[in-house]
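Numbering (the numbering used here), first residue to last: 359 to 909. Backbone N, C-alpha and C fix where the C-beta goes; we use that ideal spot for every residue, glycine too.
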């Protein structure tokens, strides 16, 4: 400690001020460094928060005297990783964050229904149903958050009109994940099954990017909206592309073939009614036959006069003496009704018919390796092989020349596959300031070590070497061992008899003035000169004592 005090006393005022400033700067930067290192111990408490929720959470943490750090625009809050779980439980007990708290049927748990009106009960029922559906839909692997909005109108008294329920679903996906057609249909059926009097035509599903995943339609059978037609077209193209690549991968290799398919599809719905009659296929439907028999009496051979008596039934016979003659006539009519064979056809042409197909296939060549040199050479495929591939693909996808379908198979050398480099730009932006701060602190530490700590250590080491040259030091050992002749030890004391320092001098030989000798590891001559300048009277006394002893 005395060495350090002595070191600072020997400094000039300017150097002393510079040293103190350097030490203070080092202390401040060291504290900043420690606090920055402590930031690495922070863990995310909540992320993607609304600014309103961030403010409420920060206020609650301040009340609980919990240190936290707001990252970015304030949407992410970090605390020490050892208290993350306890802090979340405490904030959840306080109802934070409020936007993430989805209310379900538990809204009825703490309710005093005595003063509740029918309107408030209906509103709470809708809120509870929306919350339960949001929780269920959020359980999908691809969905991060879900919001459900229901419109359930109440039928008015004495009203014959029936109002339909409606539902809207807003989805936020995780990263780049998306829902397929099957998952969207599953969500639609889930909502329909949960909401009374809700039909498929009254459901709308969108995502947070503004993309319509399902649009409600006034006609339940109208499934051919623009979005759905585009989806059918993309699914058809992908299906054909996968068929081509899987077919050619078995012989060429999965990484040596790329295919693209473009189709034109007709989404018109055509209904055709037709009646076809077959004249050769006549069938008797009904038959009607009428038979008539008529008998008319005629006069005798001699002839009779026309009279009333002859016309009286039986009168003529009596007059003629009983002779009977009749004129007989017969008639037969037959009517036959035939049913002609008739065929009625109702033809409905559904949507999604392919009207034209264009196929492009890119194939890599053949690579041959020289066994001697190990050099790899590229060899293009022959035209005959490309024609075989083209014919095979035509059969696999249902190629139709009448539709003016096109196919093109091209052989080109593929580019070498390189592993994609990870984008470290975000990491650099986040960590670069920390790296600069750490580098500055390290530079300051090194400067403090060189300019302050090192001189103090060297000064203390030099004093220790001088003290080691005292009575119990190396010089005394040399003198006592007799290795150095003519050497003696000089002790300098002040007026009170306290020892100031010691030095090694040569004993007077042949009346010469005593001569100081330099120690191999120290410089006592300079030390003696300093002592003589500071204490001249004591030095004179010592010299007189030496002269008296010699005499």
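**OP:** Can you tell me the Cβ-Cβ gap for residue 564 and residue 525, rounded? I've got them flagged as a contact below 8 Å.
**Re:** About 12 Å; that fails the 8 Å criterion.
Original post:
Between the C-alpha atoms of residue 721 and residue 599, what's the straight-line distance to the nearest angstrom?
Top reply: 14 Å
Original post:
Thinking C-alpha only, which one of 593, 513 and 530 is nearest residue 523?
Top reply: 513
Original post:
Taking Cβ to Cβ, would you say residue 637 is nearer than 7 Å to residue 684?
Top reply: no
**OP:** Determine contact between the region 621-636 and the region 728-746, defined as no fewer than three beta-carbon pairs at a distance below 8 Å.
**Re:** no
**OP:** Could you say if the region 442-453 and the region 472-490 meet the contact criterion of at least three C-beta pairs nearer than 8 Å?
**Re:** no
**OP:** Pick helix, strand or coil for residue 625, following the three-state DSSP scheme.
**Re:** coil
**OP:** Would you mind listing the beta strand (DSSP E) stretches within the region 694-764 that are 3+ residues and don't spill past its ends, in chain order?
**Re:** 711-721, 724-727 and 734-737
**OP:** Measure the CB-CB distance between residue 465 and residue 482 and report whether it falls below 7 Å.
**Re:** yes
Subject >> Presumed contact (8 Å Cβ cut-off) between residue 455 and residue 411, rounded CB distance >> reply: 4 Å
Original post:
Just to confirm, are residue 495 and residue 573 a CB contact at a threshold of 7 Å?
Top reply: no
Subject >> contact_flag[the region 696-712, the region 606-620] where n(CB pairs < 8 Å) is 3 or more >> reply: no
**OP:** Look at the alpha carbon of residue 755 and the alpha carbon of residue 552, and state the distance between them as a whole number of angstroms.
**Re:** 42 Å
Original post:
In its own chain, which residues sit with a C-beta less than 8 Å from the C-beta of residue 538, not counting the 5 before and 5 after it?
Top reply: none
Subject >> Exposed unless 16 or more other CB atoms sit within 10 angstroms - verdict on residue 679 >> reply: Residue placement at residue 679 is flagged as unreliable, the pLDDT there being 48, under the threshold of 50; the coordinate-derived value follows with that caveat. Exposed is the call here.
**OP:** Figure out for me which residue from 611, 593, 587 and 647 has the closest Cα to the Cα of residue 625.
**Re:** 587
Subject >> Limits of the alpha helix (DSSP H) - the one that residue 493 falls within >> reply: 476-496
Original post:
Could you give the distance in angstroms between the alpha-carbon of residue 793 and the alpha-carbon of residue 799?
Top reply: 10 Å
Original post:
Taking buried to mean at least 16 other C-beta atoms within 10 Å of its own C-beta, is residue 770 buried or exposed?
Top reply: exposed
**OP:** With DSSP collapsed to three states, give me the class of residue 608.
**Re:** coil
Original post:
Is the region 641-650 in contact with the region 748-765, if contact means three or more CB pairs nearer than 8 Å?
Top reply: no
**OP:** Please say whether residue 898 and residue 384 have beta carbons closer to each other than 7 Å?
**Re:** no
Original post:
With contact counted as at least three CB pairs below 8 Å, one residue from each stretch, are the region 686-702 and the region 591-605 in contact?
Top reply: no
Subject >> Close-in-space but distant-in-sequence residues of the same chain around residue 527 (CB under 6 Å, 5 per side omitted) >> reply: 506 and 563
**OP:** Output yes or no for whether 7 Å exceeds the beta carbon distance between residue 404 and residue 441.
**Re:** no
Original post:
If you compare alpha carbons, which of 567, 417, 542 and 886 is closest to residue 452?
Top reply: 417
Subject >> Option in 711, 740 and 717 with minimal Cα separation from residue 723 >> reply: 740
Subject >> Where residue 489 falls, given that 16 or more other Cβ within 10 Å makes a residue buried >> reply: buried
**OP:** Identify every residue that forms a DSSP beta bridge with residue 655.
**Re:** 684
Original post:
DSSP beta-bridge partners for residue 380?
Top reply: Beta-bridge pairing links residue 380 to no other residue.
Original post:
Nearest CA to the CA of residue 556: which residue from 509, 541 and 718?
Top reply: 509
**OP:** In the DSSP assignment, find the beta strand (DSSP E) that holds residue 461 and state where it starts and stops.
**Re:** No beta strand (DSSP E) holds residue 461; DSSP gives it neither H nor E.
**OP:** Please report how far the alpha carbon of residue 387 lies from the alpha carbon of residue 804, in whole angstroms.
**Re:** 12 Å
Subject >> Span of the alpha helix (DSSP H) around residue 434 >> reply: Looking at the DSSP string, residue 434 is not in any alpha helix (DSSP H); the run it does join, the beta strand (DSSP E), is 434-438.
Subject >> Rounded straight-line distance, which links the Cα of residue 797 to that of residue 381 >> reply: 18 Å
Original post:
Using the beta-carbon count (16 or more within 10 Å), is residue 560 buried or exposed?
Top reply: buried
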